[in-house]
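Participant: All letters in the sequence shown, in the order written, are residues 16 to 798 by our numbering. Positions of the beta carbon are idealized from the N, C-alpha and C atoms, including for glycine. Fair warning: this is a prediction, and the values are worked out from it, not measured in the lab. Got a structure for you, written out below as structure tokens; questions coming shortly.
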Amino acid sequence: MAATETPTYIGASVPRREDRKLLTGQGSFVDNLSLPGMLWMALVRSPYAHARIVSVDVGPAAGAPGVVAAYSGHDLAEEWGGPLPCAWPVTEDIEMPPHWPLAQDKARYEGDAVAVVVADSRAAALDAAELIQVEWEQLPAVTDVAHALDEGAPLVHDNLPSNKCYVWPLEGGDVANAFGDAEVTVSRRYRQQRLIPVAIEPRGVIAQPMPATGELTLWSATQVPHVLRVTLSGVLGMPEAKLRVIAPDVGGGFGSKLNVYAEEALALALARRLGRPIKWTEERTEGFQATIHGRDVIQEVELAATKEGRITGIRVRLTAAMGAYLQLVTPGIPLLGAWIYNGAYDIPAYGFECTGVFTNTTPTDAYRGAGRPEATYAIERTVDALARAVGKDPVEIRRLNFIKEFPHTIASGLTIDSGNYDQTLDRVLELAGYEALRAEQEKRRADGDAKQLGIGLSTYNEMCGLAPSRILGAIRYGAGGWDAATIRCLPTGTVQALVGTSPHGQGHETAFSQIVADRLGCTPDEVEVLHGDTAIIPLGMDTYGSRSLAVGGVALYQAADKVIEKARKIAAHQIEVSEDDLEYADGRFQVKGSDQGLSVKEAALSAWTAHNLPDGMEPGLEETAVYDPPNFSWPGGAHLAVVEVDTETGDTRLLRYVAVDDVGTVINPTIVDGQVHGGIAQGVAQALYEEASYDDDGNLLTTNLLTYLVPSAAELPSFELDREVSPSPTNPMGVKGVGETGTIASVAATMNAVIDALSTFGVTDLDMPASPERVWRAIEEAR
Ligand code: MCN
Numbered sequence: 016m017a018a019t020e021t022p023t024y025i026g027a028s029v030p031r032r033e034d035r036k037l038l039t040g041q042g043s044f045v046d047n048l049s050l051p052g053m054l055w056m057a058l059v060r061s062p063y064a065h066a067r068i069v070s071v072d073v074g075p076a077a078g079a080p081g082v083v084a085a086y087s088g089h090d091l092a093e094e095w096g097g098p099l100p101c102a103w104p105v106t107e108d109i110e111m112p113p114h115w116p117l118a119q120d121k122a123r124y125e126g127d128a129v130a131v132v133v134a135d136s137r138a139a140a141l142d143a144a145e146l147i148q149v150e151w152e153q154l155p156a157v158t159d160v161a162h163a164l165d166e167g168a169p170l171v172h173d174n175l176p177s178n179k180c181y182v183w184p185l186e187g188g189d190v191a192n193a194f195g196d197a198e199v200t201v202s203r204r205y206r207q208q209r210l211i212p213v214a215i216e217p218r219g220v221i222a223q224p225m226p227a228t229g230e231l232t233l234w235s236a237t238q239v240p241h242v243l244r245v246t247l248s249g250v251l252g253m254p255e256a257k258l259r260v261i262a263p264d265v266g267g268g269f270g271s272k273l274n275v276y277a278e279e280a281l282a283l284a285l286a287r288r289l290g291r292p293i294k295w296t297e298e299r300t301e302g303f304q305a306t307i308h309g310r311d312v313i314q315e316v317e318l319a320a321t322k323e324g325r326i327t328g329i330r331v332r333l334t335a336a337m338g339a340y341l342q343l344v345t346p347g348i349p350l351l352g353a354w355i356y357n358g359a360y361d362i363p364a365y366g367f368e369c370t371g372v373f374t375n376t377t378p379t380d381a382y383r384g385a386g387r388p389e390a391t392y393a394i395e396r397t398v399d400a401l402a403r404a405v406g407k408d409p410v411e412i413r414r415l416n417f418i419k420e421f422p423h424t425i426a427s428g429l430t431i432d433s434g435n436y437d438q439t440l441d442r443v444l445e446l447a448g449y450e451a452l453r454a455e456q457e458k459r460r461a462d463g464d465a466k467q468l469g470i471g472l473s474t475y476n477e478m479c480g481l482a483p484s485r486i487l488g489a490i491r492y493g494a495g496g497w498d499a500a501t502i503r504c505l506p507t508g509t510v511q512a513l514v515g516t517s518p519h520g521q522g523h524e525t526a527f528s529q530i531v532a533d534r535l536g537c538t539p540d541e542v543e544v545l546h547g548d549t550a551i552i553p554l555g556m557d558t559y560g561s562r563s564l565a566v567g568g569v570a571l572y573q574a575a576d577k578v579i580e581k582a583r584k585i586a587a588h589q590i591e592v593s594e595d596d597l598e599y600a601d602g603r604f605q606v607k608g609s610d611q612g613l614s615v616k617e618a619a620l621s622a623w624t625a626h627n628l629p630d631g632m633e634p635g636l637e638e639t640a641v642y643d644p645p646n647f648s649w650p651g652g653a654h655l656a657v658v659e660v661d662t663e664t665g666d667t668r669l670l671r672y673v674a675v676d677d678v679g680t681v682i683n684p685t686i687v688d689g690q691v692h693g694g695i696a697q698g699v700a701q702a703l704y705e706e707a708s709y710d711d712d713g714n715l716l717t718t719n720l721l722t723y724l725v726p727s728a729a730e731l732p733s734f735e736l737d738r739e740v741s742p743s744p745t746n747p748m749g750v751k752g753v754g755e756t757g758t759i760a761s762v763a764a765t766m767n768a769v770i771d772a773l774s775t776f777g778v779t780d781l782d783m784p785a786s787p788e789r790v791w792r793a794i795e796e797a798r
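See the structure below:
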């Protein structure tokens, strides 16, 4: 079925309808909610990275003012139908130690929860938590991913033989030959420092019991209400049908709210036990300790090439920190990058191996880009190193190796759907004024200027839109990759779109209403987009992996197709013509060559009154589509960063950032620009500012926004953006995801720029973040 012929809203910068209520303080986040009879929960967390819990005495807290109950891990053990879930057991022999909502015998990271207090106010709960007496036996801890497998390293789980969680290999092409025959090889070791996702809204939950029926309702600041319902019913040992999960307004997540957390399970268990609503809101420091972290991977990368710089093989070995426990998809995160270490380049041979290790640290999991910023960083940094090794410009080496024809199957086995890498590179160079920048750089070098310029490229691609289900199944992911949408045409002419994705800042209500408006010939204002409540939208796979448009949005598009099909039958029946005699455009069926016709809105009213429908047709105009894409979607692009390094102080500033992205067909250019802006800022943050660090005893040193340096707009220039469009042939809209592209590209572009600036001193590598101290030391040592 053809779309409307004159799409009006797809591609238009319709203002975000979400913003008015949020900007005027009328949003409804979990912490804005309050229920009659509600109690507050507070947790006692381990002050040690590793300690045996000798005893827990909740007595002093239980008697404190306002306190209703206090429990240790053992006290609540019978509440659990199973441990907190890890849904991605990446190998058959992976070690998956149980992860209970409250630790019972040992705390395995600083912040591991060991006891809980429930009181009639938040303050009373927090005060009483301090009265709980825990006797600890401190144990030696291992926090550095590079030392987790050392001989004699402390065992995070002492029932396991070592801290090894799994080893996961992947190979394509003749790797041994590629390296055996190589004229040039380049080897690098990169450290992806540990990062802390900092959503503006902290996590929070409210659990409400219905003792008469055994039903429970959970409001959670989550990206994944549907995943929570499936998994938490297992943790609580209750029928899924009795659990309802609601994600109200959610203020950012960046992957950190794609998880099943101890506090969600605890609030439900305590609500069930005490028969009253239970609320918890994370404190910022608590969030730094006990919300998942990202990255923390050591990468060893080797390229094989000809002396002209044509890459013939790539070998990658990762050591990836899981942290103390496996959260929802912890083991799989490094593997999301495994498929794309070839980057935008045609490399026939590829060998990969990832070893996952336990450390006495906060568990890691998905953080914006999840595996793909790391992979892009590795290939883009190493391609620059190869350029230096063979005496070529970074632009030239990229052009020489680019994939030119699409679809293209890469050595990891996946097929890139579409792209035009030369064109995006041309455009970014033109926009940036590359030649002039190089000339300026030369001049500063010749003048011995204290402020040196660095120019860095990242010509990235990525796989997103996590699906198809059968590939996810083949790599042992515990869920499908489809998504679902329902369109319900109301009798009065407006439309409800019920979507299985769950936005937390991405503007789905706006973009999705544009899709429906275009297809059904109404205005976006006439479309109500509903999401994030399992009682209203039972089918859904939620929001992560830049999948909402490329999977959920396509389901919506297909649901509209089905609505149009049914409305066409109604129109043909009522006008008494054959369906083939009707043309459809702008929400109206028109008899060819006549002015007789019927609109979708009229068909909706007819379907509701049901007075004159074709024989056997069910009343109502409501259709559901479930879409499982045949491939991932493959955005790509070229980013260019310009940094200025003060060689006397090491201070490094981002001067310019130019990005040309190809995200296929664009639904809403303003939303896409916003996504790219945020993504770039997050990648630049990894390159220049952010790092979670632990001391030797395993104490987290970065526990607040004074010590963990999240950049603000003041540290960043205005980004210069443009786009190329190579529509994805995978889906009927030609769309690709955009939510993570900026982060995936910008870490490498920024660090390549830093290294480029420092190369004049002979510096060829630097750990992230490129802090003033690190940069200054590198220059001093090189001098
Ligand atoms: N879009 C579009 N045209 C395209 C691609 C996308 O108009 N060709 C629009 C979509 O309709 C949607 C938005 O851009 O409104 C993002 O779409 P998509 O790429 O499908 O990503 P998701 O909606 O699935 O969002 C997830 C993604 C991820 S994985 C992280 S992490 C992330 C991100 O989105 N976290 C965010 N962006 C974020 N933005 C905010 N404000 N907060 C977060 O926590």
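(1) Whose C-beta lies closer than 6 Å to the C-beta of D127 among residues of the same chain, with five residues either side of it excluded?
(2) Less than 7 Å between the CB of N683 and some heavy atom of the ligand MCN, yes or no?
(3) With distances taken from CA atoms, which of V83, A482 and L99 is nearest W649?
(4) Distance, Cα to Cα, D677 vs G448?
(5) Could you tell me the alpha carbon to alpha carbon distance between T685 and G568, rounded to whole angstroms?
(6) Compute the Euclidean distance between the alpha carbons of D437 and G693, then round it to the nearest angstrom.
(7) Would you kindly work out how many angstroms separate the C-alpha atoms of P645 and G463, rounded to a whole number?
(8) When the Cα of T232 is compared with those of L50, V762 and E455, which residue comes out closest?
(9) Report yes if the CB atom of L273 is closer than 8 Å to the CB atom of A400, and no otherwise.
(10) Whose C-beta lies closer than 6 Å to the C-beta of R35 among residues of the same chain, with five residues either side of it excluded?
(11) Could you pull out every unbroken beta strand (DSSP E) segment of at least 3 residues lying fully inside the stretch 343-430, listed in chain order?
(12) Taking 8 Å as the threshold (C-beta atoms), are M111 and L341 in contact?
(13) With distances taken Cα to Cα, identify the nearest neighbour of G249 among A284, V687, E216 and T345.
(14) How many Å lie between H800 and G488 at the Cα?
(15) With the cut-off set at 8 Å, would you say N545 and L513 are in Cβ contact?
(16) Mind checking whether the beta-carbon of A565 lies closer than 7 Å to any heavy atom of the ligand MCN?
(17) Leaving aside the five residues before and after D548 along the sequence, list all residues of the same chain whose C-beta is less than 8 Å from its C-beta, in chain order.
(18) Does the ligand MCN have even one heavy atom less than 7 Å from the beta-carbon of P518?
(19) Which whole-angstrom value is the C-beta distance of T756 and T639, which I expect to be below 8 Å?
(20) Measuring alpha carbon to alpha carbon, tell me which of E278, I682 and G52 ends up nearest L247.
(21) Which partner residues does M632 have in the DSSP bridge list?
(22) Exposed or buried, which one is I470 when buried takes at least 16 other CB atoms within 10 Å?
(23) Please name the residue, chosen from V681, R459, K584 and I551, that lies closest to S743 on a Cα-to-Cα basis.
(24) Cβ of V675 within 8 Å of Cβ of T439?
(25) Whose CA, out of G229, L281, A236 and V275, lies closest to the CA of A256?
(26) Less than 6 Å between C-beta atoms, sequence neighbours within five positions excluded: which residues of the same chain meet that for R668?
(27) DSSP three-state label for D498, please.
(28) Using only the alpha-carbon positions, how far apart do Q611 and S593 sit?
(29) Any heavy atom of the ligand MCN within a distance shorter than 7 Å of the CB on H423?
(30) Would you mind reading off the limits of the beta strand (DSSP E) that contains V199?
(31) Check this for me: beta carbons of E541 and E33, under 8 Å apart or not?
(32) In angstroms with no decimal places, state the Cα-to-Cα distance between E317 and P747.
(33) Name the two residues that bound the continuous beta strand (DSSP E) containing H654.
(34) Which one or two residues does DSSP pair with V132 in a beta bridge?
(35) Here's the rule I'm using: 16 or more other beta-carbon atoms within 10 Å means buried, otherwise exposed. How should Q605 be labelled?
(36) What is the rounded straight-line gap between the Cα of A702 and the Cα of T765?
Facilitator: Reading it off the structure:
(1) Hits under 6 Å: S61 and A118.
(2) yes
(3) Checking every option, the nearest Cα to that of W649 belongs to A482.
(4) 20 Å
(5) 17 Å
(6) When the Cα atoms are used, D437 and G693 turn out to be separated by approximately 25 Å.
(7) 55 Å
(8) Residue L50 is the option with its Cα nearest to T232.
(9) no
(10) none
(11) 364-373
(12) yes
(13) Closest by C-alpha distance to G249, out of A284, V687, E216 and T345, is A284.
(14) The requested residue 800 does not occur in the structure, where the chain is confined to residues 16 to 798.
(15) Residue identity differs from the one stated: residue 545 is Leu in this sequence, not Asn. A contact, by the Cβ cut-off of 8 Å.
(16) yes
(17) P240, R259, V260, I261 and A262
(18) yes
(19) In this structure, T756 and T639 do not form a Cβ contact; the two beta carbons are roughly 30 Å apart against a cut-off of 8 Å.
(20) E278
(21) Bridge partners of M632: none, in fact.
(22) Classification of I470: buried, given that the 10 Å Cβ count is 16 or more.
(23) V681
(24) yes
(25) Selected option, being the one with the closest Cα: G229.
(26) E659
(27) strand
(28) 13 Å
(29) no
(30) V199 to L210
(31) no
(32) 39 Å
(33) G651 to D661 is the extent of the beta strand (DSSP E) around H654.
(34) A57 and A85
(35) buried
(36) 6 Å
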